[in-house]
Amino acid sequence: MRREQKQPKLQQTVSIPEDFREFMQHVHELIETEDESALMESDDLLQYERAYGGLMDEGSREYGFTYFPETNAVSNRRPKWELELDAVDIANICEGSKTTFKVWGCQSPDCECLFSNPEETCFYCDYVDEVT
């Protein structure tokens, strides 16, 4: 059995990967054309090869995305980035004026998971196995 034991996260700045930028271009086009998939509350209506996400709250302009970066991660770990962006951030990524993210990561050098919010829980670092 595992129990949650959150560890403090460290803030860092990372470059926006090209494939995530391509995904944001697709998302931006859907927002601009008022495509239903970009305007309905969902966590996975917007999909790309290594990312998915959607509108966090209907009527808002806040989006949540999960991205699986290419990595040299420790075996049996699949790093992911949990990102929250608004429509302006998405447009800025597309036009090139936003090229980095300020994110929070685990203290373990083996973990490549990143989060927009320092209070997020990492599957790999924020749980401990209980001895029974």
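Here the sequence shown stands for residues -7 to 124, numbered as in my numbering. All C-beta atoms in this analysis are idealised placements derived from N, C-alpha and C, irrespective of residue type, glycine included. Source: prediction; values computed, not measured.
Contact under 8 Å by Cβ, residue i with residue j
i    : j     : result
F107 : K1    : yes
C86  : M16   : yes
D36  : G51   : no
Y116 : R42   : no
D102 : E(-4) : no
Residue i versus residue j: straight-line alpha-carbon distance, rounded
i    : j    : result
A30  : Q3   : 29 Å
T92  : I82  : 12 Å
H18  : T58  : 15 Å
R53  : D78  : 5 Å
D121 : V95  : 27 Å
I8   : E14  : 10 Å
S89  : S100 : 31 Å
N84  : E104 : 25 Å
M32  : M48  : 9 Å
E24  : V6   : 27 Å
E28  : H20  : 13 Å
E112 : E26  : 30 Å
Proximity winner among the options, relative to residue i (alpha-carbon distances)
i    : options                  : result
S114 : L38, P71 and V80         : Reading the sequence as shown, one finds Cys at residue 114 and not Ser. C114 has its Cα closest to that of P71, out of L38, P71 and V80.
E62  : E10, R(-5), G88 and C117 : E10
Q39  : F60, V6, E24 and E50     : F60
P125 : C98, Y119 and E104       : Residue numbering for the chain in the displayed model covers -7 to 124; residue 125 lies beyond these limits and cannot be assessed.
Y44  : E112, V6 and F12         : F12
Burial state of residue i (16 or more Cβ within 10 Å)
i    : result
V80  : exposed
G56  : buried
V123 : exposed
E74  : buried
Heavy atom of the ligand FMN within 7 Å of residue i beta-carbon
i   : result
G88 : This structure lacks the ligand FMN, and indeed carries no ligand of any kind.
Continuous alpha helix (DSSP H) assignments of at least 4 residues falling wholly in the region 51 to 94: 79 to 87
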